[in-house]
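Below is one structure; the comments refer to it alone.
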Amino acid sequence: MKDYHFTITSKLPGTLARTGLLHTPHGDIATPAFIVGGTKATVKALTPEQVRALGGQAVLANTYHLMLRPGADVVEAAGGLAAFMHWDGPTFTDSGGFQAFSLGMAYKKGIDKVTHSQRGDATAAKHSAKQLAKVDDDGVTFRSHLDGSLQRLTPEVSMRLQWQIGADVHMAFDEALSPLASEAYIRESLARTHAWAERSKVEHDRLWAEHQAAGKPYQALFGVVQGARIESLRRESAKFMAGLDCDGFGIGGVYEPGEISSVVRWACEELPEDKPRHLLGMGNQISDLFLGVEYGIDTFDCVAFTRQARNGALYTLDGRINILNQKFQRDFSPIDAECACYTCQNYTRAYINHLFRADEILGATLASIHNEYFAVHLVEQIRASIMDNSFAQFKKSSLKRLSIDDEL
RNA sequence: GCGGAUGUAGCUCAGUGGUUAGAGCGCUGGAUUGUGGCUCCGGAGGCCGUGGGUUCGAGACCCAUCAUUCGCC
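Residue numbering for the first sequence is -16 to 391, as defined by this note's numbering.
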């Protein structure tokens, strides 16, 4: 018996947006929801109690990082991801596909990092020498960024590792794609991702049977839609994943805000309505979250809020501030006067400015609490606005404050 | 008092007679989208202690002077 289901509780007419309840053995997630990034089985700078207090419903960790350290077997021996990290709630794991992919792109970050070796030109050749990963039809071979040791991930290995780690929701092993990859490479890669999804499903079902026999709870599998920016391929990929009988879907390979109203929409239009959709790694900007929900996304994960918090970039509904700026040195007001987070209720900009300048770790904690609350709370508000049918106004007024055109 | 050492960016210091004097830190602004990340990218800031001299040319060499510092009577 699978202790897992997704229920839609309301829909917003004329859009793909909906609210729902994702039930897992470790608890429920009211969707749309912002899933908190916990890559290495920890939400950086925060205790699980702090994550819970700021409204976090679920945490997403990464198979790639945990397989290298401490090892999936250690997490399993600890009783699974949630028990290991003392998180009393639902968890997700990413498959490691994205890391295997980004490792293959040498050192560059951002869009650049996903560009080179898929372009098939001279730049790719130049970079391939430095690549830490190589993709073949069976899987990915890569070198650990920690110690250089040779590692291998295939769909089967990723599934086994994810069952060991024991999150409530797993991602199928996929190859992430650069939006700038050549069409030839996109087609080749998409065929591989689809074959890998089928293999992921077969191995996942086999492992579920084993676990079920041992009296252990179900862990869900999401198929991951790729297809870069090509509409026919995105729709084809979504249909393919829809046919796999997975528990939900991930949408990967989305990198720019402008792709949400196209790429995400194409995918969600093809996906079955009754299963949840997770947008992988996207949602740095306020507009991303509104648009993602509008075009059918139920859950987001994005490390940007915690990462930026650690570097002093703090979110408000009127835009981002850099708390290190001199102008905050004697500013004894909260980061955001409208914000109800623990940090804004108890600390001033001047104090947080001081903590950052003095390189004190409490600065990272207070900033992370604020930014993560901001993201989680904003998606919560978006959820409420769908239920009381005020989404359009809420979106319009929020984007207007940021001077963003509503036509996005 | 005698002898030595050192005076270059806010700080610690490179700069071996030759374009427009550099670095690290600090200061200042920006970036960050399935975390290879306390990371990355910009910018401002100098009568090179002072005064003379040698030289085509001095932050560098010479003299004087002031300051700091160490050692010795």
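Glycine residues also receive a C-beta, built at the ideal position from the N, C-alpha and C atoms.
- Runs of the alpha helix (DSSP H) lying entirely within the region 42 to 73 and spanning at least 4 residues, in chain order: 46 to 51, 55 to 60 and 64 to 67.
- Across the structure, Leu115 and Leu129 are spaced so that their CA atoms are roughly 11 Å apart.
- Look at Phe377 here: in three-state DSSP terms it is helix.
- DSSP places Tyr(-13) outside both helix and strand once states are collapsed to three, so it counts as coil.
- Nearest to Phe232 by alpha-carbon distance, out of Ser215, Leu263 and Val58, is Leu263.
- Within the region 111 to 188, the complete alpha helix (DSSP H) runs of at least 4 residues fall at 138 to 148.
- Comparing C-alpha distances from Lys23 to each of Phe17, Leu(-1) and Arg52 shows the shortest one belongs to Arg52.
- Counting only runs of 3+ residues, the beta strand (DSSP E) found wholly inside the region 180 to 239 occupies 203 to 208 and 231 to 234, in chain order.
- Val359 is positioned such that its CB atom lies closer than 8 Å to that of Gly39.
- When only Cα atoms are considered, Met68 and Ala167 end up about 43 Å apart.
- Between Phe156 and the set Gly210, Thr289, Ile318 and Glu181, the nearest pair of CA atoms involves Glu181.
- About 34 Å separates the CB atoms of Leu(-1) and Tyr325; that is not less than 8 Å, and the two are not in contact.
- Our two residues, Thr2 and Asp11, have alpha carbons roughly 13 Å apart in a direct line.
- Listed as beta-bridge partners of Tyr298 by DSSP are Arg303.
- Cα atoms of Ser127 and Ser161: separation of roughly 22 Å, rounded to the nearest angstrom.
- His261: not part of any alpha helix (DSSP H); member of the beta strand (DSSP E) spanning Arg260 to Leu262, first to last residue.
- Beta-carbon to beta-carbon, Ile304 and Ile335 are separated by about 10 Å, too far to satisfy the 8 Å threshold.
- For Arg135 against Gly122, the beta-carbon gap comes to about 6 Å, under 8 Å, which counts as contact.
- Contact holds between the region 292 to 300 and the region 339 to 359, because three or more Cβ pairs, one in each stretch, are under 8 Å apart.
- Per DSSP, Thr282 lies in no alpha helix (DSSP H) segment; the continuous beta strand (DSSP E) that holds it begins and ends at Thr282 to Asp284.
- In the structure shown, the three-state DSSP call for Phe17 is strand.
- Here DSSP, grouped into helix, strand and coil, assigns His337 to helix.
- Non-local C-beta neighbours of Met50 in its own chain, meaning closer than 6 Å and more than five positions away in sequence, comprise Leu144, ordered along the chain.
- If you ignore the 5 residues before and after Thr76, its C-beta comes within less than 6 Å of the C-beta of Ala44, Thr46, Gln145, Ile148, Ala150 and His153, all in its own chain and listed in chain order.
- A distance below 8 Å separates the beta carbons of Tyr298 and Phe357.
- Judged by their CB atoms, Leu5 and Pro259 are nearer to each other than the 8 Å cut-off.
- Here His6 carries a strand assignment [DSSP, helix/strand/coil].
- In this structure, the straight-line span from the alpha carbon of Lys27 to that of Leu216 is close to 36 Å.
- Assigned with DSSP and collapsed to three states, Lys(-6) falls in strand.
- Counting C-beta pairs with one atom in each stretch, the region 178 to 198 and the region 224 to 238 have three or more that are closer than 8 Å, which means they touch.
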